[in-house]
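> My structure is below; once you've seen it, I'll send some questions.
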Amino acid sequence: MSNKRALITGITGQDGSYLAEQLLEQDYEVHGLIRRVAQEDPAKRLGRIAHIADRVKLHPGSLESFASVYRVFAENEFDECYHLAAQSFVAESFEDSFSTMDINVSGTHFVLEALRQLRPECRFYFAGSSEMFGKVVESPQVESTRFYPRSPYGVSKVTGFHLTRNFRESYGLFCCSGILFNHESPRRGLEFVTRKITSTAARIKLGLADKLYLGNLDARRDWGYAAEYVHAMHLMLQQDEPDDFVVATGVTHSVREFCEVAFSELGLDYNEWVEVDPRFYRPAEVELLIGDPAKAKDKLGWEPRTSFADLVRKMVASDMEQLSAQADHATGHTARP
Ligand code: G4F
190 MSNKRALITG ITGQDGSYLA EQLLEQDYEV HGLIRRVAQE DPAKRLGRIA
240 HIADRVKLHP GSLESFASVY RVFAENEFDE CYHLAAQSFV AESFEDSFST
290 MDINVSGTHF VLEALRQLRP ECRFYFAGSS EMFGKVVESP QVESTRFYPR
340 SPYGVSKVTG FHLTRNFRES YGLFCCSGIL FNHESPRRGL EFVTRKITST
390 AARIKLGLAD KLYLGNLDAR RDWGYAAEYV HAMHLMLQQD EPDDFVVATG
440 VTHSVREFCE VAFSELGLDY NEWVEVDPRF YRPAEVELLI GDPAKAKDKL
490 GWEPRTSFAD LVRKMVASDM EQLSAQADHA TGHTARP
């Protein structure tokens with residue numbers, strides 16, 4: 190049992206919510222940094238952590254303001270900091286590269302600098318990304334694979350990764366980066382391709398939608414289960430020495446294969462429902478990602494457990510359950526056979 194105090198930036202996101210749950214189970218005092226957003230429905234914004242809201246301490250702050258990050262560190266003595274907050278949608282980073290850079294690069298810099306000045310003993314985790322490998326120079330990708338980012342998001346994560354390593358090497362701080370490959374769950378945002386597929390397939394099954402429009406169906410990703418990936422983050426901060434780790438399954442599938450499994454789970458043929466819409470193509474694409482998690486297995490004792498098919502099934506089942514209630518109330522909608 191632990192009485193450690195942890196700060197999670199991005200606590201309301203998919204990963205933040207799973208990590209908060211797991212740290213609470215280990216008796217951590219869990220704090221979260223949340224954006225101060227006027228007039229937003231708190232039930233919606235805090236939806237993923239509603240069930241633990243009374244057990245976490247939330248601090249309003251902005252990653253765009255060093256002063257607000259500094260204040261949170263000045264007022265609390267954290268033992269561990271998990272920096273997960275980011276503009277994390279790759280497609281959006283092409284639309285607004287400047288705010289992606291501000292939040293992902295300066296935001297990371299602010300957290301590191303506040304920690305260095307006020308709480309150098311606090312261990313720090315940076316959410317790196319397989320997007321850093323981008324146009325991959327080797328497969329599978331490992332910790333030493335050269336980065337070749339293909340989006341403003343990827344560039345921002347490479348910079349955050351180097352900042353994290355630089356603070357470790359310059360100031361002796363316990364700073365780690367997890368290079369996490371795509372990780373999904375029923376809590377995934379609706380704009381990411383996996384959840385877009387499972388939620389729209391469920392809507393189609395229930396008669397609430399007629400088509401699923403997607404971009405590049407041939408892109409391949411190494412998809413794992415988010416609840417397992419946050420466990421790896423925690424393990425990284427429990428080691429004797431800070432280090433960087435690839436977290437992945439070692440298996441890759443195409444977006445098309447994801448569609449195939451998701452629709453067939455509902456007794457549907459994806460060919461009849463999925464249409465390619467070039468609006469969803471990206472200016473530069475990451476065609477293939479596949480990670481080798483051998484170092485994480487060896488040093489952290491971490492291994493993925495949920496298979497690709499089980500992950501898809503879990504997400505489809507959850508969307509069907511959520512949307513069924515909605516369909517029951519809608520008039521004129523009938524589930525497809
Ligand atoms: O689900 P995605 O949007 O995830 P992406 O771009 O791989 O990034 C995610 O994983 C990263 C880890 O590698 C994270 F760092 C990042 O924050 C994020 O969580 O897209 C996956 C693939 C892409 O190749 C995209 O072009 O799916 C393709 N795709 C095809 N049609 C689509 C769509 N992606 C989205 N979001 N929407 C589509 O309609």
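Just so you know, the sequence shown maps onto residues 190 to 526 in the working numbering. Even for Gly, the Cβ is constructed at its ideal location relative to N, Cα and C.
Is any heavy atom of ligand 1 found at a distance shorter than 7 angstroms from the C-beta of R445?
Position 256 of the sequence shown, counted from the first residue, corresponds to residue 445. Checking the Cβ of R445 against ligand 1 gives no.
> Who sits around ligand 1, taking every residue whose Cβ is closer than 5 angstroms to one of its heavy atoms?
Residues flagged by the Cβ proximity filter: S277, V279, S318, S319, E320, N371, F381, V382, L403, G404, N405, A408, V444 and F469.
> For the candidate residues R194, F434, A256 and Y207, whose alpha-carbon lies nearest to that of Y414?
In the sequence shown, residue 414 corresponds to position 225, counting from 1. Of the candidates R194, F434, A256 and Y207, the one whose C-alpha sits nearest the C-alpha of Y414 is Y207.
> With a cut-off of 8 angstroms on the beta carbons, I'd call N405 and G349 a contact; round off their distance for me.
The residue you call residue 405 lines up with position 216 of the sequence shown. The residue you call residue 349 lines up with position 160 of the sequence shown. About 26 angstroms separates the two Cβ atoms, so there is no contact after all.
> Can you tell me the Cβ-Cβ gap for R234 and T198, rounded? I've got them flagged as a contact below 8 angstroms.
Counting from 1 along the sequence shown, the entry for residue 234 is found at position 45. Counting from 1 along the sequence shown, the entry for residue 198 is found at position 9. Wrong, their Cβ atoms sit about 15 angstroms apart, outside the cutoff.
> Out of S388, R410 and G480, point me to the one whose CA is closest to A516's CA.
Sequence index remark: in the sequence shown, residue 516 carries index 327 (1-based). The shortest C-alpha separation from A516 is found at S388.
> Using 10 angstroms around the beta-carbon of G456, count the other beta-carbons present and answer buried if the total reaches 16, otherwise exposed.
Along the sequence shown, read from residue 1 onward, the residue named residue 456 stands at position 267. Exposed, since its Cβ has fewer than 16 Cβ neighbours within 10 Å.
> If you draw a straight line from the C-alpha of Y459 to the C-alpha of E373, how long is it?
Residue mapping note: residue 459 aligns to position 270 of the sequence shown, counting from 1. Residue mapping note: residue 373 aligns to position 184 of the sequence shown, counting from 1. Cα-Cα distance, rounded: 20 angstroms.
> Would you mind sorting D243 into buried or exposed? The rule is 16 or more other CB atoms within 10 Å of its CB.
In the sequence shown, residue 243 corresponds to position 54, counting from 1. Under this definition D243 is an exposed residue.
> Helix, strand or coil for P482? Go by DSSP, reduced to three states.
By one-based count along the sequence shown, residue 482 stands at place 293. Of the three classes helix, strand and coil, the one that applies to P482 here is coil, per DSSP.
> Heavy atom of ligand 3 less than 7 angstroms from the Cβ of E264, yes or no?
With respect to ligand 3, the structure shown offers nothing to examine, as its ligands consist of ligand 1.
> In this structure, does DSSP put Y470 in helix, strand or coil?
If you number the sequence shown from 1, residue 470 lands on position 281. In the structure shown, Y470 sits in coil (DSSP, three-state: anything other than H, G, I, E or B).
> Taking just the CA atoms, how far does I368 sit from P329?
One-based indexing of the sequence shown puts residue 329 at position 140. One-based indexing of the sequence shown puts residue 368 at position 179. Their Cα atoms are separated by approximately 13 angstroms.
> Since L198 is in the alpha helix (DSSP H), which residue starts that stretch and which ends it?
Counting from 1 along the sequence shown, the entry for residue 198 is found at position 9. With the sequence shown as reference, residue 198 is identified as Thr, and Leu is not the correct amino acid for it. Element bounds for T198: not the alpha helix (DSSP H) but the beta strand (DSSP E), R194 to T198.
> CA-CA distance, R194 and R494?
Residue 194 sits at position 5 when you count from the first residue of the sequence shown. Residue 494 sits at position 305 when you count from the first residue of the sequence shown. Cα to Cα, the separation comes out at about 28 angstroms.
> Would you say K394 lies against chain D (beta-carbon separation less than 8 angstroms)?
Annotation note: the requested chain D is absent from the structure, which comprises a single protein chain.
> Near R354, which residues of its chain fall below 8 angstroms by C-beta distance, leaving aside the five closest residues on each side in sequence?
As a first step, residue 354 is located in the sequence shown; it is residue number 165 there, counting from the start. Result list for R354: C364, S366 and D433, in chain order.
> With contact counted as at least three CB pairs below 8 angstroms, one residue from each stretch, are the region 324-339 and the region 282-296 in contact?
No, the region 324-339 is not in contact with the region 282-296.
> Taking the C-alpha atoms as reference points, what is the distance between T289 and F299?
Stepping through the sequence shown from its first residue, residue 289 is reached at position 100. Stepping through the sequence shown from its first residue, residue 299 is reached at position 110. Roughly 15 angstroms between the two C-alpha positions.
> Would you please state the rounded distance, in angstroms, between the beta carbons of L512 and L379? I believe it to be under 8 angstroms.
Locating residue 512 in the sequence shown gives position 323, where the first residue counts as 1. Locating residue 379 in the sequence shown gives position 190, where the first residue counts as 1. Rounded, the Cβ-Cβ distance is 12 angstroms, inconsistent with contact.
> Just to confirm before moving on: does the CB-CB distance between E454 and R525 stay below 8 angstroms?
The residue labelled residue 454 in the question sits at position 265 within the sequence shown. The residue labelled residue 525 in the question sits at position 336 within the sequence shown. Cβ atoms of E454 and R525: not closer than 8 angstroms.
> Does the region 418-426 come close enough to the region 257-266 to have 3 or more Cβ pairs within less than 8 angstroms?
No, the region 418-426 does not touch the region 257-266.
> When DSSP labels each residue in this structure, what does A316 get in the three-state scheme?
Looking up residue 316 in the sequence shown gives position 127. If DSSP states are grouped into helix, strand and coil, A316 belongs with the strands.
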